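Each remark here refers to the structure printed beneath this line.
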Amino acid sequence: MKVLIVEDEIPAQINLKKLIDRHCPDSHIVMTLTSVSATTRWLEENPDGADVIFMDVELSDGICFEIFERVNINAHVIITTAYDNYAIDAFKVKSVDYLLKPIVGDDLSRAWERCRELMEAKNSAKLETLLDMISQVSQPQNKEYKKRFIVKAGEKIVITPVDEIAYCYSEDKSTYAVSRNGACRLLDYSLDMVQEMLDPRIFFRISRSYIVSINSIENISKHLGTRLKLQLIPHTDAEVVVSRSRTSDFLEWLDNN
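Shown next, in the form of structure tokens:
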């Protein structure tokens, strides 16, 4: 695969080239650049010139994320930096991985293998991702979404307004809705059915087990390198993690709603 290196420090360039030669089979370094402006110009002139880009964050004339605002990038991007505070920005530009310097060979190998898998799957989207796109992005503009759920609570019938729901989750083949006040109600629908009933501008299916309201997200943190962990209100005992395949769509959803 064709490799572009974007790194303004010569020692870091040399070290990265050695690591690529050692841990990235079938790699061919086509160019090394040091600035936002030079990289933008090269990508404009060579839109398909690289399959993988190793990109440092802080360059000689700015931050690498400016490049994404100036030119369309077709290659898979691996962010390399000495700082961990750019992780969310890296996810927003759909980078494949985020490697902290000094780069470890095993981490580089895993990132490279992920790029290889993406290249091999370039023309065949996973069914799960496709269904998410259809259900969450291509909904008819005039579709009516559910406003309330009517559920049984012992001998009572309880009305749960959708705008009071913080999140829904599935457990042991049952589906539950948790309200902002902490009340948990058993629903008579599968999580897939609930997803179809809820407005995708407000609710997002982050995994097989969870649908969350945008208003329930208290904070977001990194989880195992390339995934995101959510802190929800009300708090949950279980870890709530965004599936790797949905991370980019999740961040785009946050930006657009």
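In this text, residue positions in the sequence shown follow my numbering: the first is 16, and each later residue adds one.
C-beta: ideal position from N, C-alpha, C; glycine also.
Quick caveat, the model's predicted, so the values are computed rather than measured.
In the pairwise beta carbon analysis, the segment 206-226 is classified as touching the segment 179-187: at least three pairs are separated by under 8 Å. If you ignore the 5 residues before and after Cys39, its C-beta comes within less than 6 Å of the C-beta of Trp127, all in its own chain and listed in chain order. Between Val92 and Val108, the C-beta spacing is below 8 Å. Leu245 is a Cβ neighbour of Ile235, given a cutoff of 8 Å. Assigned with DSSP and collapsed to three states, Glu233 falls in strand.
If the five residues before and after Val209 are omitted, its C-beta is found closer than 7 Å to the C-beta atoms of Cys183, Thr190, Leu202, Ile226, all from its own chain and listed in chain order. Within the segment 25-86, the complete alpha helix (DSSP H) runs of at least 4 residues fall at 25-38, 51-60, 80-85. The continuous beta strand (DSSP E) containing Arg200 extends over residues 199-202.
The residue among Thr49, Leu34, Glu60 with its C-alpha nearest the C-alpha of Gly120 is Leu34. Under the three-state reduction of DSSP output, Ser260 falls in the helix class. Taking C-alpha positions only, Leu114 is separated from Thr49 by approximately 18 Å. Only buried fits Asp264, as 16 or more other CB atoms lie within 10 angstroms of its CB. Excluding the 5 residues flanking it on each side, Ser52 has same chain C-beta neighbours closer than 7 Å at Asp76, in chain order. Taking Cys130 as the centre and dropping the five residues before and after it, the same chain places the C-beta of Val67, His91, Val111 closer than 6 Å to its C-beta, in chain order. By DSSP's assignment, Phe164 forms a beta bridge with Thr175.
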